[in-house]
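Chains as they are written, first to last, in our numbering: chain A, 1 to 314; chain B, 1001 to 1314.
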């Protein structure tokens, strides 16, 4: 692999299973460098068979440890596994909050495990498109399972995880009542619920609480199981892996597999359009005759924005 | 005040100094309810005399305590003070992370202090316009000083604080080196730097470090002072209040006061336009003939977005 590889050659190397090409393609996509769009365009869409597994939950719930154990469980059948860890960006550390954490120590010598961290937000302040683009690249590289782990501090991270085929929501034993879960909107996005730290007091109540809240919701073709794990010992993780695979089988059997892909692509288009408009806004503000009224304090910015957007100046 | 007050009447009551009308107007603006835009339009622009003081810094740096003490210092001259606390939204608590914290206990019986918390992000995922709109309302209500405190976890909060007339950046003694501050971009946004917990080891080094980094930067008409506080005891906060007022006087003397207002209104227009476009995107996706290609997997979402936005369908 030479340094002068063009986007099509790099895409070809990714498709051929070259791991160095994969790492480089994701770096180019993450940095938004020249050629990024061409690489994604060349690799889109990834194979339909790739299963995207989102893992989200409150900070401290043990998501990293569960991800680590889950990868081990998935590796048992010999298939490679990719992990994309999406962290909120922090202005006080100059990057992703946990970007430099040492991840997945247990798999560092396993060439069948590919791990990558990236920040959730882009330069312009919007949700970064790097994660969805990186997922296209990882799918093209042939991973049958891709775990998207988010730290779940903000709405961004929950949205990213919830865009997966299967969303695993991790809560801690004694985490609080189902009302809190309902308010947080996690009952809607979860396909599998995990009560981690099951050895702590309150685990049974948390499980019962989640189950009763889920039973109160609308009837769904898939009833999300509520499992317990003790990630530090690995207990319950094999069941979690089976539940995740069972959900994939359910999606395929019902046609929801393809439907989720279609919904996801539509949502990605909407997100990409917002990014496009965001990048055009400075020019629109510059060009609009209304801008002077706002800058001089004669017209408020929000009324002005409605007028400018309504005039189709976008 | 009756429940049937229309936006203009409510705006009039805010201008007349009615505190219940003020609280109600901000609630309407925060919820984006009917009449919100009319209230903001009626109150825009607030009086030029209002001084917006942004306070930001890493979590745990003691911003809440400093804000509390700073309000006491400002109250000494008898003028009312408003505090707007902007928190990141958490999907796991169903609202602002610290929205229900008990704030500003020391001022709860002081009618000259108005405190309000709100979330940094809006329903549609963008930076909420509630905070800048609430600031217009607070200015119209006649507060000569408005402290905007953010928890500083994310870029959003730093942006909100940095849009103030005077931005106070709070760091902790021993917080790390100047390189970290430079990476975080806080050297550029800070008008006053505060090293809090000055009684801890490393305070002098942190002060020296910040000063040398600031000295290495471009020459500016205002040299940001680096102060020390021990907020828990109140030590240094009177000096901080004087430094904040001195910065306001500097801005007025140099014409930068009006220039910051013009820049801010331009930035608010850009933000409002992004929100407008975001609200229009679902319709654009629905209407575009390219959408089917994306949904069916024939064209990647990002290439499609460039084409749609370029065609002026926004």
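We put the beta carbon where it would ideally sit given N, CA and C, even for glycine.
In this structure, residue 236/A sits near residue 228/A, with a CB-CB distance shorter than 7 Å. Exposure of residue 34/A is indicated by the presence of fewer than 16 other C-beta atoms within 10 angstroms of its C-beta.
The continuous beta strand (DSSP E) containing residue 1056/B extends over residues 1051-1057. Rounded to whole angstroms, the gap between the alpha carbons of residue 1167/B and residue 1238/B is 17 Å. At the C-beta level, residue 265/A and residue 1295/B come within 7 Å of one another. Rounded to the nearest whole angstrom, the C-alpha separation of residue 5/A and residue 30/A is 18 Å. Pairing residue 1025/B with residue 1137/B, the inter-Cα distance amounts to about 7 Å. Contact between the segment 210-218 of chain A and the segment 242-252 of chain A is absent: fewer than 3 CB-CB pairs across the two stretches fall below 8 Å.
About 15 Å separates the beta carbons of residue 1273/B and residue 292/A, which is beyond the 8 Å limit, so they are not a contact pair. For the segment 1292-1305 of chain B, the set of positions with a beta-carbon nearer than 9 Å to some beta-carbon of chain A reads 1294, 1295, 1296, 1297, 1298, 1299, 1300, 1301, 1302, 1303, 1304, 1305 in chain order.
The residues 139, 140, 142, in chain order, have a CB closer than 8 Å to that of residue 47/A in the same chain once the five nearest residues on each side in sequence are set aside.
For a Cβ distance threshold of 7 Å, residue set 285, 291, 294, 301, 304, 305 of chain A lies close to residue 1269/B, ordered along the chain. Comparing alpha carbon positions, the residue from 38/A, 80/A, 195/A closest to residue 170/A is 195/A. If you check each beta-carbon in the segment 2-16 of chain A against every beta-carbon of chain B, none falls closer than 8 Å. By the neighbour-count criterion, in which a residue is buried when 16 or more other Cβ atoms sit within 10 angstroms of its Cβ, residue 1209/B is buried. Taken through DSSP and simplified to helix, strand or coil, residue 1065/B comes out as helix. With 16 or more other Cβ atoms from the protein chains shown falling within 10 Å of its own Cβ, residue 1225/B counts as buried.
With a contact defined as Cβ atoms closer than 8 Å, residue 120/A and residue 128/A qualify at about 6 Å. Not one beta carbon of chain B lies nearer than 7 Å to the beta carbon of residue 193/A. Under the Cβ distance rule, residue 1045/B counts among the residues neighbouring chain A, one pair being separated by less than 7 Å. Not a single CB atom of chain B sits nearer than 7 Å to the CB of residue 87/A. Assignment of residue 233/A by DSSP, reduced to helix, strand and coil, places it in the coil class. For residue 1037/B, the closest Cβ of chain A is nearer than 7 Å.
Residue 193/A is bridged by DSSP to 169/A, 226/A. Apart from sequence neighbours up to five positions away, the residues of its chain that approach residue 206/A with a beta-carbon distance below 7 Å are 171, 173, 174, 175, 195, ordered along the chain. Apart from sequence neighbours up to five positions away, the residues of its chain that approach residue 164/A with a beta-carbon distance below 7 Å are 52, 53, 54, 148, ordered along the chain.
Around the Cβ of residue 1255/B, a 10 Å sphere holds fewer than 16 other Cβ atoms; the residue is exposed. Per DSSP, the unbroken alpha helix (DSSP H) holding residue 295/A starts and ends at 291-295. Around residue 1026/B, no beta-carbon contact reaches into chain A at under 8 Å, the shortest distance being about 15 Å. Taking C-beta separations shorter than 7 Å and ignoring five residues to either side along the sequence, the partners of residue 50/A in its chain run 139, 143, 144, 146, following chain order. In this structure, the straight-line span from the alpha carbon of residue 1064/B to that of residue 1109/B is close to 18 Å. Listed as beta-bridge partners of residue 1273/B by DSSP are no residues whatsoever. Chain-ordered, the chain B residues with CB closer than 7 Å to the CB of residue 276/A read 1305, 1306, 1309.
Excluding its 5 nearest sequence neighbours in each direction, residue 1132/B has C-beta neighbours in its own chain below 6 Å: 1268, listed in chain order. A straight-line Cα-Cα distance of about 27 Å links residue 1012/B and residue 1260/B. The beta-bridge partner set that DSSP reports for residue 149/A consists of 55/A, 85/A.
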